[in-house]
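Numbering (the working numbering), first residue to last: 259 to 411. Read the structure below first, then the notes.
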């Protein structure tokens, strides 16, 4: 079973899934997810805002920025941009690390519950790569896409 996590050596297992209504909407009061920036010297949160929409959770695609659950980490570049694809809506987002402003977003064909990566091509061009594979226990659409985005020169 895709959402069953065995505890080897014990007669128990856990089924991991969000606590949702029959419509698939989280039962806790929103917001359900944030993205934040912290000052590593002081530990203080510098900025924080809701991350993600309910577009792919609702029966009708509504782009309300409610802040949705996330699974996956950010990729931070030396240029001060963080990329995040972990929300339950199918987007890769780019954030300004200094202030949290969303700089860009690209639609994914399936859930992007993975941490993006980056590489530099032989000609010096930088790319961000994301796997849109979905996640069984979160109920996001499964896929097998690996997508590379070229960053501006």
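Even for Gly, the Cβ is constructed at its ideal location relative to N, Cα and C.
- Query: residue 329 to residue 387, Cα distance in whole Å?
  - Reply: 17 Å
- For the putative contact between residue 338 and residue 356, defined by C-beta atoms under 8 Å, what is the C-beta separation to the nearest angstrom? 6 Å
- Task: Might you give, ordered along the chain, the residues of its own chain that have their beta carbon closer than 6 Å to the beta carbon of residue 391, omitting 5 neighbours on each side?
- Result: 401
- Could you name the residues of the same chain whose beta carbon sits closer than 8 Å to that of residue 403, not counting the 5 residues immediately before and after it, in chain order? Once the five neighbours on either side are set aside, the close Cβ partners of residue 403 are 366, 367, 368, 389, 390, 391.
- Taking residue 359 as the reference, give the member of 304, 327, 393 with the closest Cα. 304
- Query: When you compare only the Cα positions, how much space is there between residue 293 and residue 385?
  - Reply: 22 Å
- Closest to residue 272 by CA distance: which of 278, 264, 408 is it? 264
- Task: Would you identify the three-state DSSP class for residue 392, choosing helix, strand or coil?
- Result: coil
- Message: DSSP three-state label for residue 405, please.
- Response: strand
- From the DSSP output, which residues share a beta bridge with residue 333? 341
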